[in-house]
Structures are given as C-alpha cells and as structure tokens.
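This report refers to the structure that appears directly beneath it.
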Amino acid sequence: MASCNGLALNEELQCSICLEVFTDPVSTPCGHNFCRTCLSECWTNKKIGFCPICKERFVRRPDLKINTTLRDLVQHFKEKLNLEESEVACDFCDERKQKAVKSCLTCQSSYCDDHLEPHLRVPRLKKHTLINAVENLEDYICQKHKRPLEMFCRNDQTCVCLSCSEGDHRTHNTVPIEEESREKKNQLVQTQIDVYQMIQDRMKKIQEIKHSVELRKRNTEKEKSSSVELFTDLIRSIERCQSEQLKMMEEQQRAAEKQAEDLIKELQQEITELKRRNTELEQLSHTDDHLHLIQMCSSLCSRPHNKNWTEIRIDSDVNVNSLYRALTLLKKTQETLNEKIIQTELKFVQKYAVGVTLDPDTANHHLCLSNDGKQVSRGDIKQDVPKNPKRFNKACCVLAKEGFSSGRFYYEVQVKGKTGWELGVARESINRKGEIILSPEDGFWTVILENENEYSACENPPVSLSLRVKAEKVGVFVDYEEGLVSFYEVDSRSHIYSFTGQTFTDKLYPYFSPGDNDKGEHRTHNTVPIEEESREKKDQLVQTQTDVQKMIKDRMKKIKEIKHSVLLRKKEKSSIVEIFSDLIRSIERCQSELKMMEKQQKEAEKQAEDLIKELQQEITELKKRNTELEQISHTENHLHIIQMCSSLSSPPHTKNWTAIRIDSDVDVNSLYRSLTHVKKKLDGILKEKLSQTGM
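According to the numbering used here, the sequence shown is numbered sequentially starting from 924.
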C-alpha cells in the first residue's frame, strides 16, 4: 500500500473530470489541469472553451499542449508507488539485497528468485507454505504455537493454526484458509460490482444535475426574455395610449380655447346692447312726458332678441369617449399579455397532473359513482351502502382515493352543462358527519357554482367570482409546501381563483360535489332605472328692467364660467399624465420579479455546485475503495484477503441520491400575481373615470 504522503500526492495529481491520475495532462489559461482526452470530450459540441472548475470562458479555444513537466511528475509518482507497494528484501542475500518474490510461512523467511530455488526442488521444502512476499510475516504465524495460520474458525471469525483447530477450536466450525479466502473473495467481487455501480450512479447523477441546472438556466433565460418582452410591450402600449390621449387633449384644448374666445366676444356684445336698453328704460321711468312714455313702452318692454346661454358651456372634462377608447385598448393589450402569462402558468401546473379515482367509501348515499370511479352524479333514490366512518352522511359529496402530503399535484374535472357543483381539496381530518362548512378554517379549499351562473370561492366570507366564460373543464393545482390552491378554466385558459398563504398539515384529498339534479330552470329580470323629469319653469313675467339686469349678470357670470372651464381642462391633462405614469410605475415594480427569477437561478446553481462537490468526494472515496478491491482480488495471500474482507466488503457510508434533484422548472406564479395586480389597477382606473362622467 502507498504511504500517506503518496495518497496525498495522488489526490493532487488527479484530473477533476475523471478523478484518476492524469493521463497526458494539459493546462488551461486559468491555471487548472486536466487529462487531454477528458477536456476535449468536455468541449465537444461547444462553441467556446471553458474551465470545468472555475467556469472561466475562453473567447478563442486554447491549443491543448501536453504539460511535459506535470507528465514527468505523474510518471515518477506512478513508478515510485509501484516500487513502494512491492519492495520486500530477500532475507538471505548478503551484499546487495534482491527483491523477495515469496515468503515461506514454515521457515518464516522471504526469498528472492535465486534463494527460493531449494523450496521448488527439495521434496521436504516443497511441502512448505509459500505466499507472495510480505514484510509482516509475524502476522501470518500463530503467536501461541509458532505455526502458520492455515485454518479459519467461523465461530470466532479468526485465523488459527492446526494446533489451535485441534485444541481450543476443536468443536468449532473450522475450514482451510484457502476455502474461506475463496468465499471472502467472492464477497469482495460482489462488493466491487456494487461499488462500481455506485460510482456510475453518482457520475450519472452529476450529469443529471448539470443537465437540470443548464435546462433551468435556459428556462429562466426564456421566461426572463419573454417577461421582458411582455413588460416592454405593455409599457409601450401605455406610452402609445398616453401619447394619443395627450395629443387628442391638446387638440380639444385648442378648439375649446377658440370656442371660448368666440363665445366671450358674443357675450360682451350682448352685454353692451343690454346696458344700452337698461339706460333707456331708466330714463323712460323718470320722464313726465306721458305721451312719449306710451309711445316708447311697446318697443322697450319687449324682450331683447338675445341667445339663450343657459345650455351653452365649455366642457371642462376630458372627452370620456376618447379616454374610454384609449383605456379599453390598453386593457385589451394587457389582457392579451396576461393571457400569455396564464398559458405559461397552466402549462407549468399541468406537468404535475395525477390520476384521480373517486373513493366509494366516502361517497354520500345519494351519489352514483361509475364503475371506473371517474364520474359521479346525484341520484333521486338513496343508495344502499354500508356505514363507514369515512362516508359523508349529510353532505352530498365524495373524496378521491389518492391523498397527498407533500409536493405538487394537478387534476382536471369536466363540468360542462352543470348548473351547480363544488370542487377543490379537503384535508383528511375533516368532519364527515352532519352538515359541513366549506371554508379553509374547516379544512376545505373549494370553488362552487350555484344557480347556473353564480360562482364563488369558499373563503370566510365567500368571494364572488366573475368568469369570462361559463366553466366547462376546471383544473385544480396544489403546491403543498407553498400553501397554494389554484383553479383554472382549462378550455379558455383562464385563471379562476387562488387560495394563497395556506398552511397544510394533513394529507389533502381531491373533493367533489355534483350539486342538485339539473332541471333546466331559468330566471330573468328586466329592470330599468326611472328618470325623474320635474323641472319648474321660471316666471317669465317680470319687469323688463329686472330681466335685463339679470341677463347682464348671467352673461358676466357665463364669461367667468367659460374662463374657469378652460383652466380646468388644462389641469385635467396633468391628471391623465399621472394616471399613465402610475400604471408604468406599477409595471416597473412587476419587473422586480425578474430579479427573483435570477436569485432563484443562482440559488439552484449554488445548490448544484454543492451537490456535485459532495458527489465527487463520494466518487473519489468509492474509486479508492474500488482500487483496493481490485488489488486484493488479484492477490494469492489468503490471510490478507480474510483480514481485509470485513473492512472492504461493505460499501462506504454514502448518501441516498435517488430522490435528490434540481428542479429545472421556473416558478411563474409570482410574476402572474404581479400582472394581476396591474390588471386590477387598470380596472379601477376605468371604473373611476367612467363613474365620474356618468357612463
């Protein structure tokens, strides 16, 4: 065996790819060394070279030349290791000691080829027990009887001499050491096969982890690129809508200012005319010329021919139709983008689809289950079913046979044509006797349909839901560790509702209730708001002068009103700018979710790096064990085989890598929730603006 220094040097001279001593070593520009063949294979089908250890990339692939100094050092090490492993000197060489080839257990001496010759020729010596040359001959001799250890006691699991087998061990199961050695060697061969398989499994696991990380990296880049494109398109749409709206507002502002200028000019002309009439009336009211008063009354008491300014105004609000069109266009753009996110999310959750079979032991006695356990309906006749602690005796529902206490799962349910149903998951410990309450606090996470078109999520209190289309196929997704239960309308690829931030402790079972039998009843209500029309007409029979004075005041007031309306329109422009700016800020905040993707990718890479390092350490240890097993499998030293078997026959203590994996999928739930937040904000803006304008 090699010395401790030799083992340390052996590790220093190992290629980190094949974990063997270097063969034709080459050096990369970053200073790391590899076997030329290993590095060449690592770079196969790669456009640029890189270091497998530090990951440094080389723009120009290096020319791999053998490191002659390192190669000579490796060669010297191999020669020295071979010499150390077999250097046993002959006990009978006088001057220059020759290398011993055999050791005699009977003579308790080691011999070179020359001095071994009598043992091969003399009949008496030919009966001696010869083994390959060893240094520690005393370990092969019974210390009590000074005879060779030629037998093995299976009772005491120890090597004994013939005297021991006839004395203290005479009643024990003893066999020749050669026979025990053969059995031990068979054990070691099987162990070597197991160790080799463990090495292969771990090398395969390394490749699997590397592939998962690379796949996750590609998926992250793809999702990142797609998300950046989504956010960019959304911001571009908002900016385009803002630009169009502001342009339209500026045009409307200019038109309003021109209209205001013309109206004020016309009002001022009427005020001048009314003031003249007021002066004439004032003069006439003080005259003593009765004939003149009678002659002028008819013309001066008649109402001046002026415009009715009551309904004439400058609209201070933004043209709601143009704003509505702009925001609706923006909403459609956002919904299209949101639909893409939903499609990505649905594609993600459908990878966790599981088969679900209804459990007849839980079904209420009014339910009829199909033979394959895939369909359920409510019957009019009570079924004759055995009593069962698992059965719902009041609630008309059923659970699936399959329960889940970890990980993710997804299933789909066909509900087309139904006017009522309940779907979701329930924990194992729910109350099944008497009436049940559908709520997370009571162990149910469900969405229900009532009265044909009334959807709701069974929260506390219930949440009313509005679906774009009538649900025909519903998908249910559960992430146990995340505390998430999500519902989807599969055919329209739309999100229905999600229970988030839940804490699951029990096993979860899919939950179903088909509702009452459908009877095709429809109820419609046609109600229209009634407008009150009760305007009182002003008394038009007033003194002409009072009317004229009031008309002058009204027109003066109208001039101020028009000027104020023009000013308000200008302020509305900055309000619209703030609306669009707020939307853009919301989307930019959503982009922070991309940083979360990058963080998760780095965490996955760090996890993979640690796992690969641990695997490589195990592979090194297993290869060391494999080398020891290989060496001992070729020895003829039976005692050495028996002595080493107990320590070498069991594989090293290593981790069970079967269930350990790197998830190559990218979680898009947080991104989806962010876009949903933007959508809600947009809906709020639309409702607010439309309510302000009465539309």
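The C-beta atom is built at its ideal place from N, Cα and C for all residues, glycine as well. Computed from a predicted structure; not experimentally measured.
Less than 8 Å between the C-beta atoms of residue i and residue j, yes or no?
i	j	result
residue 1556	residue 962	no
residue 910	residue 1118	Nothing can be reported for residue 910, as the shown portion of the chain is limited to 924 through 1618.
residue 1561	residue 1101	yes
residue 1039	residue 1057	no
residue 1281	residue 1435	yes
residue 1021	residue 1035	yes
residue 1027	residue 1053	yes
residue 1541	residue 1125	yes
residue 936	residue 944	yes
residue 965	residue 951	no
residue 1408	residue 1340	no
residue 1289	residue 1278	no
residue 939	residue 976	yes
residue 1328	residue 1403	yes
residue 1583	residue 1527	no
residue 1122	residue 1545	yes
residue 1285	residue 1332	no
residue 1161	residue 1503	yes
residue 1115	residue 1549	yes
residue 1437	residue 1300	yes
residue 1078	residue 1096	yes
residue 1534	residue 1132	yes
From the DSSP secondary-structure annotation, give me the bridge partner or partners of residue i.
i	result
residue 1368	1348
residue 1055	1025
residue 1099	1074
residue 972	981
residue 1418	1411
residue 1403	Bridge partners of residue 1403: none, in fact.
residue 958	948
residue 937	944
residue 1291	1300
residue 1332	1401
Rounded to the nearest angstrom, what separates residue i and residue j at their Cα positions?
i	j	result
residue 1499	residue 1170	12 Å
residue 1312	residue 1427	23 Å
residue 1523	residue 1141	13 Å
residue 1007	residue 958	Caution applies to residue 1007, whose pLDDT of 48 falls short of 50 and renders its modelled position unreliable; the value that the coordinates give is listed next. About 25 Å.
residue 1521	residue 1147	9 Å
residue 1344	residue 1154	37 Å
residue 1093	residue 1087	8 Å
residue 991	residue 1000	14 Å
residue 1176	residue 1268	45 Å
residue 996	residue 942	17 Å
residue 1485	residue 1187	8 Å
residue 1185	residue 1379	57 Å
residue 1145	residue 1138	10 Å
residue 985	residue 953	11 Å
residue 970	residue 979	14 Å
residue 1362	residue 1368	6 Å
residue 1418	residue 1174	41 Å
residue 1271	residue 1265	10 Å
residue 1098	residue 1067	19 Å
residue 1487	residue 1400	57 Å
residue 1013	residue 1055	12 Å
Reducing DSSP to helix, strand and coil, say where residue i ends up.
i	result
residue 1503	helix
residue 927	With a pLDDT of 38 at residue 927, under the threshold of 50, the modelled position of that residue is not reliable, and the figure given next carries that caveat. Three-state DSSP puts residue 927 in a helix.
residue 868	This structure does not reach residue 868, given that the chain is present from 924 up to 1618, and the question cannot be answered.
residue 1509	helix
residue 942	coil
residue 1130	helix
residue 965	helix
residue 1154	helix
residue 1286	coil
residue 1277	coil
residue 1427	coil
residue 1088	helix
residue 1271	helix
residue 1195	helix
Hey, is residue i close to the ligand GTP, as in C-beta under 7 Å from one of its heavy atoms?
i	result
residue 1554	For the structure depicted, the ligand GTP is absent and the ligand set is empty, with no information on it obtainable.
> Should the region 1422 to 1433 be regarded as contacting the region 1349 to 1359, the criterion being three or more beta carbon pairs within less than 8 Å?
Replying inline: Short answer: they touch.
> Is it true that the region 1413 to 1426 meets the region 1386 to 1396, where meeting means three or more beta-carbon pairs spaced less than 8 Å apart?
Replying inline: yes
>> For the pair the region 1318 to 1327 and the region 1367 to 1380, tell me if three or more CB-CB distances fall below 8 Å.
In response: Too few Cβ pairs lie closer than 8 Å, so no.
>> Contact between the region 1082 to 1092 and the region 1043 to 1051 is defined here as three or more beta-carbon pairs at a separation below 8 Å; is this criterion met?
In response: no
> Between the region 1502 to 1509 and the region 1154 to 1166, are three or more C-beta pairs nearer than 8 Å?
Replying inline: yes
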